[in-house]
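In the working numbering, the protein residues as written are 105 to 331.
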């Protein structure tokens, strides 16, 4: 039996996240697993890029734009409080630039790209259903679905992750409370990046991205529930 890139990457993602979940919740090596968060996130980003079927200039442009926008908005947020709210990063996430870990830019790319890939797959399913009924999916609805619904999905992922991130020392909010403004900013910034995602011309059928989003969401949901 021949295994595809998608099968290999999905197996590695499940292995790392299940191991991390067990290590954090049920072993005395919790701190070791937490300290290796940068390794896990970098590996997932590399697997995501490895599984990308078309690595053209447009795809590389999106990777760069998502990274730079993520880093830039987070720098504004951490240093001024004008975006997201008042918060600061801990040392767990690794080396920082202007008080923001480099990993945060990678995380923005991963979350937004996976959200966009899910919406592309969902839209393809709805389009096939519309065509079976002899109708077409309106272009404006198709565009808004990727941007708006994708941004809601990305913001939902952040909502799952926030309390876990604080408990693991990734970052801390003032008074340990996540403001609603944080989610507003997440939605708006994600929507802008997803508009770029839709506009750029590259193959957006990355099936591993769908699997990775689900694996990471379940990972943080389990930690949110039992940590």
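Heads up, the beta-carbon is just placed ideally off N, CA and C, and yes, glycines get one too. On a predicted model such as this, the values are computed, not experimentally measured, just so you know.
Let me make sure I understand the geometry here. Which of the options has the alpha-carbon closest to that of residue i?
| i | options | result |
| --- | --- | --- |
| residue 116 | 138, 128, 154 and 134 | 154 |
| residue 327 | 123, 110, 112 and 114 | 123 |
| residue 315 | 223, 263 and 140 | 223 |
| residue 291 | 325, 319 and 215 | 215 |
| residue 306 | 177, 158 and 107 | 158 |
| residue 203 | 179, 196 and 125 | 179 |
| residue 331 | 148, 125, 247 and 163 | 125 |
| residue 147 | 273, 130, 187 and 207 | 207 |
When we look at the beta-carbon of residue i and count the other beta-carbons within 10 Å, is it buried (16 or more) or exposed?
| i | result |
| --- | --- |
| residue 251 | buried |
| residue 229 | exposed |
| residue 279 | exposed |
| residue 244 | exposed |
| residue 199 | exposed |
Who does residue i pair with in a DSSP beta bridge?
| i | result |
| --- | --- |
| residue 193 | 275 |
| residue 243 | Per DSSP, none; premise fails for residue 243. |
| residue 201 | 204 |
For residue i, name the three-state secondary structure that DSSP assigns.
| i | result |
| --- | --- |
| residue 110 | helix |
| residue 282 | coil |
| residue 157 | coil |
| residue 257 | helix |
| residue 327 | helix |
| residue 120 | helix |
| residue 306 | coil |
| residue 140 | coil |
| residue 186 | coil |
| residue 131 | coil |
Look at the alpha carbon of residue i and the alpha carbon of residue j, and state the distance between them as a whole number of angstroms.
| i | j | result |
| --- | --- | --- |
| residue 303 | residue 166 | 10 Å |
| residue 313 | residue 114 | 9 Å |
| residue 329 | residue 239 | 43 Å |
| residue 213 | residue 171 | 6 Å |
| residue 265 | residue 231 | 31 Å |
| residue 190 | residue 107 | 46 Å |
| residue 144 | residue 150 | 10 Å |
Say whether chain B places a C-beta atom closer than 9 Å to the C-beta of residue i.
| i | result |
| --- | --- |
| residue 177 | No chain B is part of this structure, which consists of one protein chain only. |
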